[in-house]
Amino acid sequence: MKIQTVSVFVDDQQRALEFYTEKLGFAVAADVPMGEFRWLTVVDPAAPEGTQLSLEPKAHPAVPPFTDALLEDGIPFFVLGVDDVQAEYARLQGLGVEFMQAPIDHGPVTTAVFSDTVGNLLQIAAFAG
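Residue numbering for the sequence shown follows our numbering, starting at 10 and increasing by one per position.
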């Protein structure tokens with residue numbers, strides 16, 4: 010068994026697609042019209058058969074209170090692993106990504122937190138050793 014697809018809830022699918030591909034570097038895995046919305050997934054271009062991230066519209070009534078609470082409390086929706094947080098922080102800042110938390114060395118892990126522009130905080134993390 011493997012994780013096939015996970016979802017992140019977004020305010021605007023097109024804006025999310027642009028952010029996740031142009032800023033974060035993901036590649037489109039699926040873009041299928043589904044009425045008002047799309048089945049829209051992205052994937053790591055180095056692992057096209059890997060886990061897909063669904064850019065899921067916040068259409069269900071339970072989603073906005075959940076995602077708003079995470080945002081208000083400063084809790085990232087998910088963590089992206091990187092080799093070097095400081096380098097990725099600098100790269101993303103150069104692309105205009107807004108960080109809520111600059112890189113912090115926690116000993117075994119270094120993290121930074123940023124906005125994905127569509128209603129979520131995301132964290133980048135690199136584990137030492």
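Just so it is clear, CB atoms sit at the ideal spot from N, CA and C, and this is done for glycine as well. These figures come from a predicted structure and were not determined experimentally.
Per-residue DSSP class, three states only, for residue i
| i | result |
| --- | --- |
| Asp53 | coil |
| Gly90 | strand |
| Pro112 | strand |
| Val72 | helix |
| Ala39 | strand |
| Thr119 | strand |
| Gln102 | helix |
| Leu33 | coil |
| Asp82 | coil |
| Glu58 | coil |
| Glu107 | coil |
| Pro13 | In the sequence as presented, Pro is not what sits at residue 13; that position holds Gln. In the structure shown, Gln13 sits in coil (DSSP, three-state: anything other than H, G, I, E or B). |
Cβ-Cβ separation, residue j to residue i (assumed contact under 8 Å), whole Å
| i | j | result |
| --- | --- | --- |
| Val52 | Phe35 | 6 Å |
| Val94 | Ala121 | 5 Å |
| Leu80 | Gln22 | No, Leu80 and Gln22 are not in contact; Cβ-Cβ is about 18 Å, not under 8 Å. |
| Leu130 | Phe86 | 6 Å |
| Asp20 | Val118 | That belief does not hold up - the Cβ atoms of Asp20 and Val118 are roughly 29 Å apart, past 8 Å. |
| Gln132 | Gln61 | That pair is no contact at about 20 Å. |
| Leu101 | Lys32 | 7 Å |
Which residues DSSP lists as bridging residue i, in chain order
| i | result |
| --- | --- |
| Glu65 | Phe18 |
| Ala135 | Thr119 |
| Arg47 | Pro42 |
| Leu130 | Ser124 |
Beta-carbon spacing of residue i, residue j below 7 Å
| i | j | result |
| --- | --- | --- |
| Thr50 | Ala38 | yes |
| Pro73 | Lys67 | yes |
| Phe28 | Asp125 | yes |
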